[in-house]
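Following: one structure in structure tokens, then a few remarks.
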Amino acid sequence: EEKRVVFNKNIGPLVSTDMTRCIQCTRCVRFLQEVGGMMELGMVGRGEHAEITAYVDKSVNSELSGNIIDLCPVGALTSKPYRYSARSWELTRRPSIAPHDGLGSHIEVHVKDNKVMRVLPREKESINECWLSDRDRFSYEGLNSPDRLKVPMIKHNGEWQETDWKTALEFAAGQIKDITNEYGSDALGVLVSPNSTMEEGYLIKKLASGLGCGNVDYRLRQTDFRLDGKRVGTPWMGCNIQEIEELDRILVIGSNLRNEHPLLAQRFRKAVANGAELSIISPLDNDPLMDIAHKVIVRPNDMVNVLGQILKAMSGLQRLSLCLPPTLNKLLEEIKVRPNTQAMAESLAGHGKDVDLVAPRVGIFLGNMALSDPRFTEMYSMAEAIGGISGAKGGILPAAANSTGMHLMGVMPSAFGMHARAMLEVPRKAYLLLNIEPELDCQHAALAKAAMEKAECVVALTAFKSQALEHADVLLPIAPFTETSGTFMSMEGRVQSFTAAVKPLGECRPAWKVLRVLANTLGLQGFDYETSEQVKDAVFGGEKPSAVVWRSLNNNLKELVEIQVNIKSAGLQRIGEVPQYESDPIVRRSAPLQKTKYNTQPMARMRAEQIAALGVSEGDAVLVKQDKGSAVLQVRLDNHVAMGCVRVTASHEASTGLGDLMGDITVEKYTETSPFISKAVSK
Numbered sequence: 027e028e029k030r031v032v033f034n035k036n037i038g039p040l041v042s043t044d045m046t047r048c049i050q051c052t053r054c055v056r057f058l059q060e061v062g063g064m065m066e067l068g069m070v071g072r073g074e075h076a077e078i079t080a081y082v083d084k085s086v087n088s089e090l091s092g093n094i095i096d097l098c099p100v101g102a103l104t105s106k107p108y109r110y111s112a113r114s115w116e117l118t119r120r121p122s123i124a125p126h127d128g129l130g131s132h133i134e135v136h137v138k139d140n141k142v143m144r145v146l147p148r149e150k151e152s153i154n155e156c157w158l159s160d161r162d163r164f165s166y167e168g169l170n171s172p173d174r175l176k177v178p179m180i181k182h183n184g185e186w187q188e189t190d191w192k193t194a195l196e197f198a199a200g201q202i203k204d205i206t207n208e209y210g211s212d213a214l215g216v217l218v219s220p221n222s223t224m225e226e227g228y229l230i231k232k233l234a235s236g237l238g239c240g241n242v243d244y245r246l247r248q249t250d251f252r253l254d255g256k257r258v259g260t261p262w263m264g265c266n267i268q269e270i271e272e273l274d275r276i277l278v279i280g281s282n283l284r285n286e287h288p289l290l291a292q293r294f295r296k297a298v299a300n301g302a303e304l305s306i307i308s309p310l311d312n313d314p315l316m317d318i319a320h321k322v323i324v325r326p327n328d329m330v331n332v333l334g335q336i337l338k339a340m341s342g343l344q345r346l347s348l349c350l351p352p353t354l355n356k357l358l359e360e361i362k363v364r365p366n367t368q369a370m371a372e373s374l375a376g377h378g379k380d381v382d383l384v385a386p387r388v389g390i391f392l393g394n395m396a397l398s399d400p401r402f403t404e405m406y407s408m409a410e411a412i413g414g415i416s417g418a419k420g421g422i423l424p425a426a427a428n429s430t431g432m433h434l435m436g437v438m439p440s441a442f443g444m445h446a447r448a449m450l451e452v453p454r455k456a457y458l459l460l461n462i463e464p465e466l467d468c469q470h471a472a473l474a475k476a477a478m479e480k481a482e483c484v485v486a487l488t489a490f491k492s493q494a495l496e497h498a499d500v501l502l503p504i505a506p507f508t509e510t511s512g513t514f515m516s517m518e519g520r521v522q523s524f525t526a527a528v529k530p531l532g533e534c535r536p537a538w539k540v541l542r543v544l545a546n547t548l549g550l551q552g553f554d555y556e557t558s559e560q561v562k563d564a565v566f567g568g569e570k571p572s573a574v575v576w577r578s579l580n581n582n583l584k585e586l587v588e589i590q591v592n593i594k595s596a597g598l599q600r601i602g603e604v605p606q607y608e609s610d611p612i613v614r615r616s617a618p619l620q621k622t623k624y625n626t627q628p629m630a631r632m633r634a635e636q637i638a639a640l641g642v643s644e645g646d647a648v649l650v651k652q653d654k655g656s657a658v659l660q661v662r663l664d665n666h667v668a669m670g671c672v673r674v675t676a677s678h679e680a681s682t683g684l685g686d687l688m689g690d691i692t693v694e695k696y697t698e699t700s701p702f703i704s705k706a707v708s709k
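Here it is, written out as structure tokens:
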């Protein structure tokens with residue numbers, strides 16, 4: 027009798043196979059189909075010839091694929107990056123919190139010889155259950171990147187030179203002092219990553235205030251700031267993560283759920299499986315891998331009009347008679363309700379059933395594309411009005427780990443300060459950067475680059491050295507999340523602290539310590555914290571965090587903001603979403619994630635009709651212009667894009683010459699004589 031041998035399959039850069047071990051339990055098949063929403067593995071053959079395999083010439087591309095490693099009972103599926111690097115009994119396990127989205131997933135960091143070897147999920151039923159997104163699971167590879175900054179560096183005569191901490195801090199403090207003394211405190215701009223901890227955000231805000239500077243902001247990928255000062259409290263998700271599964275009717279506005287929040291998408295998937303009606307308004311017709319009851323795919327400019335149609339339709343339903351403010355009523359008069367938006371309104375209204383205003387089972391959520399849009403204020407106001415009629419819960423789905431926490435602490439401009447966009451449009455003389463790469467993390471890449479070039483001094487607290495920080499004058503090496511302690515506040519308002527899993531690499535120091543010493547070097551008072559716990563106590567004023575949080579969270583507006591429903595734009599509009607594996611400095615440096623199909627060069631993705639109108643074919647080069655910048659990109663057919671739009675992803679070197687993530691854009695056939703700034707034509 028011949029020995030049974032099954033050849034291994036290459037199913038992608040994240041999961042390795044040893045199929046001879048496989049016992050055909052089909053756990054992996056069921057997970058990808060029932061939880062991931064997409065059947066990418068299956069069983070072929072019969073009897074002893076049966077085997078698990080992927081589709082011909084296909085890999086496993088689910089953003090939750092790493093979970094099949096944990097589910098496999100015999101080791102037939104293993105982690106490809108971790109494979110052969112350590113034995114499980116050699117590893118020390120440290121609990122932590124995932125830092126790449128606002129969910130706050132619980133993770134377990136496995137360490138050997140002071141090096142992170144792998145990351146696994148920790149069970150937390152109310153947040154991530156027992157799953158983990160691939161972004162959270164495999165991003166740790168970025169921690170060991172050759173780009174890691176291990177010692178402080180100062181630029182002398184255009185050349186980087188390593189130095190000690192004392193010299194670097196004194197140089198940075200001296201530069202900041204000189205500029206603020208000569209030009210005033212308003213000459214300083216402070217840009218903060220929303221993935222920074224609450225302790226770091228609190229200290230950098232306090233440092234800026236000590237210098238008399240009100241130019242502080244964490245909202246790097248936002249254009250519209252008209253709601254500043256108009257909110258009752260801190261904007262948040264509007265409900266608990268678990269409550270999503272219990273909703274009956276859901277409206278998602280401007281969000282690519284699988285790209286932005288992979289595990290949250292799984293919660294929506296469960297809600298739909300339980301019978302919920304999902305409605306989507308978006309400029310992208312991406313497959314969320316769940317049944318959609320109603321969808322409207324329109325240009326970003328037109329999403330406000332669609333929301334206005336829904337609001338008008340709902341206010342017109344007799345059982346939901348509503349006295350809208352006169353200004354809003356006048357705006358709605360010029361709107362014509364279409365059949366698809368009427369259907370959405372009836373869905374949110376419960377199809378004639380009584381609306382439960384005490385325990386509503388309706389949810390309205392705004393995603394990252396809405397947050398990045400120049401008309402975010404209109405979308406937010408309309409969504410709030412629709413929520414008031416339907417009794418919906420809901421709010422915003424922030425992309426970063428600590429966006430909600432940063433807002434709660436007030437890491438935003440003072441009454442006379444400048445927000446992030448203004449700091450770039452009117453360049454400051456000096457910038458203090460916390461854990462960001464301006465060209466890749468800001469809404470307007472070209473504007474950020476130009477502002478850094480014009481500044482007399484740029485002080486960057488960063489874990490990595492990169493081309494995006496080439497205009498800095500001082501690089502201060504800070505510890506990433508595995509090498510520091512701190513606190514994140516999730517989109518549902520959950521405050522979660524964590525400790526370091528490993529010692530800082532080289533001369534790296536926790537950012538909260540660097541900020542404390544920098545403040546002392548600047549001669550500021552009140553920075554005598556010895557531990558991150560002391561800083562956390564200061565953040566919450568000595569109160570219990572939950573008491574402060576639930577007193578602060580509120581999505582309501584104090585007053586109705588002046589809005590416009592119809593704004594026409596004859597030209598093309600850019601859809602510049604941030605790919606999930608380009609979202610922050612750590613993820614961008616994770617080699618396994620960069621090998622997945624989601625990591626592609628930015629291209630000009632358009633519908634077939636628009637490609638034909640340009641007189642080009644798929645694969646040809648086109649000149650893309652936005653604001654004063656341009657780039658040469660390859661054309662790709664993408665019928666998931668709304669008519670009149672061009673999908674050009676952001677946070678990539680090839681698209682840093684362009685403007686806002688959402689805005690007017692021009693595309694024309696490229697000729698060798700066409701002027702351009704950056705070129706990215708991949709074959």
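FYI, the numbering for the sequence shown is 27 to 709, going by my numbering.
Note that CB positions come from ideal geometry on N, CA and C, so glycine has one too.
| Query | Result |
| --- | --- |
| Looking only at DSSP bridge pairs, what is E303 linked to? | R275 |
| Going straight from the alpha carbon of I37 to that of C54, what length do you get? | 12 Å |
| From N266, T488 and T403, pick the residue whose C-alpha is nearest to that of F251; which is it? | T403 |
| With C-beta atoms as the reference, is A498 less than 8 Å away from N221? | no |
| Residues bridged to Q187 by DSSP? | I180 |
| Tell me which same chain residues have a C-beta within less than 8 Å of the C-beta of A446, skipping the five on either side of it? | L217, D243, Y244, R245, L246, Q248, C468 and Q469 |
| If L619 and D96 are in contact, beta carbons under 8 Å, what's the gap, nearest whole angstrom? | So it is not a contact: roughly 18 Å between Cβ atoms. |
| Tell me whether S595 is buried or exposed, calling it buried when 16 or more other Cβ atoms sit within 10 Å of its Cβ. | exposed |
| Please report the distance separating the alpha-carbon of V591 from that of R364. | 15 Å |
| Please tell me whether I710 and F514 are closer than 8 Å, where the distance is taken between their beta carbons. | The structure shown does not extend to residue 710, since the chain is modelled only from 27 through 709, so no value can be given for it. |
| When the Cα of N394 is compared with those of K362, G71, G128 and A112, which residue comes out closest? | G128 |
| With 16 as the cutoff for other CB atoms within 10 Å, does C156 come out buried or exposed? | exposed |
| Would Y696 be called buried (16 or more neighbouring beta carbons within 10 Å of its own) or exposed? | buried |
| Between the Cα of G73 and the Cα atoms of D173, A369, I49 and K491, which residue gives the shortest distance? | I49 |
| Could you compute how far the alpha carbon of G238 sits from the alpha carbon of V561? | 21 Å |
| For A302, collect the residues of the same chain with a Cβ closer than 7 Å to its Cβ; drop the 5 residues on either side in sequence, then sort them by chain order. | L273, D274, R275 and I276 |
| With a 10 Å radius around its C-beta and 16 neighbouring C-beta atoms as the bar for buried, classify V145 as buried or exposed. | buried |
| Suppose contacts are defined by Cβ-Cβ distances below 8 Å. Is Q627 in contact with G645 by that definition? | no |
| Contact defined as beta carbons within less than 8 Å: I believe T488 pairs with N461. What is the distance between those atoms, to the nearest angstrom? | 6 Å |
| Assign L501 to one of three DSSP states: helix, strand, or coil. | strand |
| Which same chain residues end up closer than 6 Å to F524 when comparing Cβ atoms and leaving out the 5 residues on each side of it in sequence? | S122 and I123 |
| Taking all protein chains shown into account, do 16 or more other C-beta atoms lie within 10 angstroms of the C-beta of S347, making it buried, or fewer, making it exposed? | Note on S347: pLDDT 47, under 50, position unreliable in the model; the coordinate value appears next. Exposed. |
| Cβ of A319 within 7 Å of any heavy atom in the ligand MG? | No copy of the ligand MG occurs in the structure displayed, which carries no ligand at all. |
| Tell me the start and end of each unbroken beta strand (DSSP E) in the region 531-605 that is at least 3 residues and wholly inside, in chain order. | 598-601 |
| Taking H132 as the reference, give the member of R577, W186 and E151 with the closest Cα. | E151 |
| Along the chain, where does the alpha helix (DSSP H) that runs through A446 open and close? | A446 to E451 |
| Express the C-alpha separation of A297 and V41 in angstroms, rounding to a whole number. | 28 Å |
| Tell me which same chain residues have a C-beta within less than 8 Å of the C-beta of Q292, skipping the five on either side of it? | V61, G62, G63, L90 and W157 |
| Pull up the CB-CB distance for V543 and L117, whole angstroms please, since I reckon it's below 8 Å. | Actually they do not touch by this definition, with Cβ atoms about 33 Å apart. |
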